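Protein chains in written order, with this note's numbering: chain A, 5 to 117; chain B, 421 to 530. Here a beta-carbon is modelled for each residue, glycine too, at the ideal position from N, C-alpha and C. Keep in mind it's a predicted model, so treat the numbers as computed, not measured. What follows is a single structure, written as structure tokens, with notes after it.
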């Protein structure tokens, strides 16, 4: 099993450009989520999904869109990148229960110039 | 909204010393989880606590969940260089939002 796969690992954007961070899992997990990690800020929840067709906002959703058309994939879209979105992004998935152990991807480091 | 704070933010210890990190939530938690992130890596699940006052041990690591289910602690006995990393708590409060603490970065000096 590959677990949670994130692409790309590194990306540099210019302000105003758009891009999509990809996340795929092969564990048949219903729950998927995106976090961003900034120094001193810990991991902040951007968006999450409890199943195909269902998404909801986390702590810091502004500037990001998500969709969940399949169980396996949960892409994160930046419509107009800003320097404040420079961060390391982690995708995490879980079975979707009260005891939801999260499995994280390796992360995507995004720099917005 | 729900907030989860951790202290300290950083901790440097000599190898063999003990280490403790504390996690405090603004709301009552359904459960609390602990994760470890090695430098340059991704968070990896360590343990989950569900019951009020619960204590669990993993070798040199002891995890506690407070009686009010609003705080938790991780204690490492006799730290080793392999314990280096950032330790995060994560709590869920009635929803599927898993809110992470700010993390405690541990450095162990040999």
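Inter-residue CB distance, residue i and residue j (contact presumed, cutoff 8 Å)
i: residue 105 of chain A; j: residue 465 of chain B; result: 5 Å
i: residue 458 of chain B; j: residue 523 of chain B; result: Actually they do not touch by this definition, with Cβ atoms about 13 Å apart.
i: residue 422 of chain B; j: residue 450 of chain B; result: That pair is no contact at about 11 Å.
i: residue 463 of chain B; j: residue 47 of chain A; result: 7 Å
i: residue 59 of chain A; j: residue 73 of chain A; result: Not confirmed; about 10 Å, so no contact.
For residue i, the three-state DSSP class (helix, strand or coil)
i: residue 30 of chain A; result: coil
i: residue 448 of chain B; result: coil
i: residue 87 of chain A; result: helix
i: residue 502 of chain B; result: helix
i: residue 55 of chain A; result: strand
i: residue 99 of chain A; result: coil
i: residue 21 of chain A; result: coil
i: residue 463 of chain B; result: strand
i: residue 526 of chain B; result: strand
i: residue 47 of chain A; result: strand
i: residue 64 of chain A; result: coil
i: residue 42 of chain A; result: strand
Sub-8 Å separation of residue i and residue j beta-carbons
i: residue 67 of chain A; j: residue 94 of chain A; result: no
i: residue 117 of chain A; j: residue 80 of chain A; result: no
i: residue 491 of chain B; j: residue 455 of chain B; result: no
i: residue 42 of chain A; j: residue 84 of chain A; result: no
i: residue 493 of chain B; j: residue 448 of chain B; result: no
i: residue 76 of chain A; j: residue 55 of chain A; result: no
i: residue 23 of chain A; j: residue 97 of chain A; result: no
Contact list for residue i against chain B, beta-carbon separation under 8 Å
i: residue 16 of chain A; result: By Cβ distance, chain B contributes nothing, its closest Cβ being about 19 Å from residue 16 of chain A, past 8 Å.
i: residue 104 of chain A; result: 512, 516, 518
Proximal residues of chain A, C-beta to C-beta of residue i below 8 Å
i: residue 522 of chain B; result: 44, 45, 46
Residue i beta carbon near the ligand FAD (any heavy atom closer than 7 Å)
i: residue 111 of chain A; result: With respect to small molecules bound, the structure shown includes none, and the ligand FAD cannot be examined in it.
Contact list for residue i against chain A, beta-carbon separation under 9 Å
i: residue 500 of chain B; result: Ordered by position in chain A, no residue passes the 9 Å Cβ test against residue 500 of chain B, which lies about 23 Å from the chain.
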